[in-house]
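**Student:**
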Amino acid sequence: MRLIIMGPPGAGKGTQAVFIAEHFKIPAISTGDIFRANVTRGTELGVEAQKYMNAGEYVPDEITNLMVRNRIDEPDAERGFLLDGYPRTLAQVEELDGMIAFTGHRLDGVVVLTADRDEIVGRLLQRAQTEGRADDTEDVIRRRQEVFAEQTAPLVEVYRGRGLLVEVDGMGAVEEVTRRIFAALDALPES
Ligand code: AMP
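With my numbering applied, the sequence shown corresponds to residues 204 to 394, in that order.
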């Protein structure tokens, strides 16, 4: 099973990714988490990525693509994976297509969580207090929403065109959103 979960920052992708990955027994691969782990460890990748992350901008495609390629080459991703936060640009979509085709597999579905902009900004500000992420300040949060709208929202139409889109209302209780996601995934055609 090869899945993607997409949605604006604060829509609840990371939370839902855990449930989906558990259900299908595949790893949830979050590019944001991998970048943050590298920042914490002070690796070369982390030092480079941090400049972009702190400003709410995307890390350049070449860096991100290579990181994902290495991650999905690991043995635990052989049976499949759920990508959380990747792809985010059209160039990343193309790169991922190549990676999946190379292994002779295909993408099975793309879950898109939709969310009300004001509500998610509020959620992120709350998260800033509990998790203390460096990119959860109000200015950076707004910039991340803009970058999402400019660079990532257009990907929805690409995947819709391929018949892979599973659009789910991400507002409401966590369990309710999870239930909606599984119902929508069940309705995807098998082939
Ligand atoms: P996230 O935890 O998914 O919100 O990601 C946090 C930050 O990591 C983003 O604001 C970007 O700076 C960076 N990032 C994560 N995934 C990507 C990606 N696919 N392409 C570029 N930058 C990314």
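Backbone N, C-alpha and C define an ideal beta-carbon position, used for all residues, glycine too.
Everything numeric in this text was worked out from a predicted model, so none of it was measured.
On the three-state DSSP scale, how would you describe V262?
**Tutor:** Taking the first residue of the sequence shown as position 1, residue 262 is located at position 59. Three-state result, V262: coil.
**Student:** Residue ranges of each alpha helix (DSSP H) run of no fewer than 4 residues wholly in the stretch 284-357, ordered along the chain?
**Tutor:** Runs of the alpha helix (DSSP H) inside the stretch 284-357: 293-305, 320-334, 341-350.
**Student:** Considering R205, what are the terminal residues of the beta strand (DSSP E) in which it resides?
**Tutor:** On the sequence shown, position 2 is the one that residue 205 refers to. Taken as a continuous stretch (DSSP letters only), the beta strand (DSSP E) holding R205 covers 205-209.
**Student:** What does the alpha-carbon distance come out to for the pair D279 and I303?
**Tutor:** Locating residue 279 in the sequence shown gives position 76, where the first residue counts as 1. Locating residue 303 in the sequence shown gives position 100, where the first residue counts as 1. Taking the straight line joining both Cα atoms gives about 15 Å.
**Student:** Using DSSP with H/G/I as helix, E/B as strand and the rest coil, what is L391?
**Tutor:** Counted from its first residue, the sequence shown places residue 391 at position 188. L391 falls in the coil class under three-state DSSP.
**Student:** Contact between the stretch 299-317 and the stretch 356-375: three or more CB pairs below 8 Å?
**Tutor:** They touch, by the three-pair rule.
**Student:** Buried or exposed: where does F385 fall if 16 or more other Cβ atoms within 10 Å of its Cβ makes it buried?
**Tutor:** The sequence position of residue 385 within the sequence shown is 182, counting from 1. Exposed.
**Student:** Name, in chain order, the residues that DSSP records as bridge partners for A220.
**Tutor:** As a position in the sequence shown, residue 220 is number 17, starting the count at 1. A220 pairs with nothing; no bridge assigned.
**Student:** If you run the structure through DSSP and keep just helix, strand and coil, what is D372?
**Tutor:** In the sequence shown, residue 372 corresponds to position 169, counting from 1. D372 falls in the strand class under three-state DSSP.
**Student:** Does S394 pass the burial test, meaning 16 or more other C-beta atoms within 10 Å, or should it be called exposed?
**Tutor:** In the sequence shown, residue 394 corresponds to position 191, counting from 1. With a pLDDT of 49 at S394, under the threshold of 50, the modelled position of this residue cannot be trusted; read the value that follows with caution. S394 should be labelled exposed.
**Student:** Is it buried or exposed, N273, if we count other Cβ atoms within 10 angstroms and call 16 or more buried?
**Tutor:** Along the sequence shown, one-based indexing puts residue 273 at 70. By the neighbour-count rule (16 or more Cβ atoms within 10 Å), N273 is not buried but exposed.
**Student:** Evaluate the contact criterion for the stretch 239-249 versus the stretch 342-358: three or more CB pairs, one atom per stretch, below 8 Å.
**Tutor:** No contact exists between the stretch 239-249 and the stretch 342-358.
**Student:** Can you tell me the Cβ-Cβ gap for A387 and D287, rounded? I've got them flagged as a contact below 8 Å.
**Tutor:** Taking the first residue of the sequence shown as position 1, residue 387 is located at position 184. Taking the first residue of the sequence shown as position 1, residue 287 is located at position 84. Going by Cβ atoms, the distance from A387 to D287 rounds to 17 Å, so no, they are not a contact pair.
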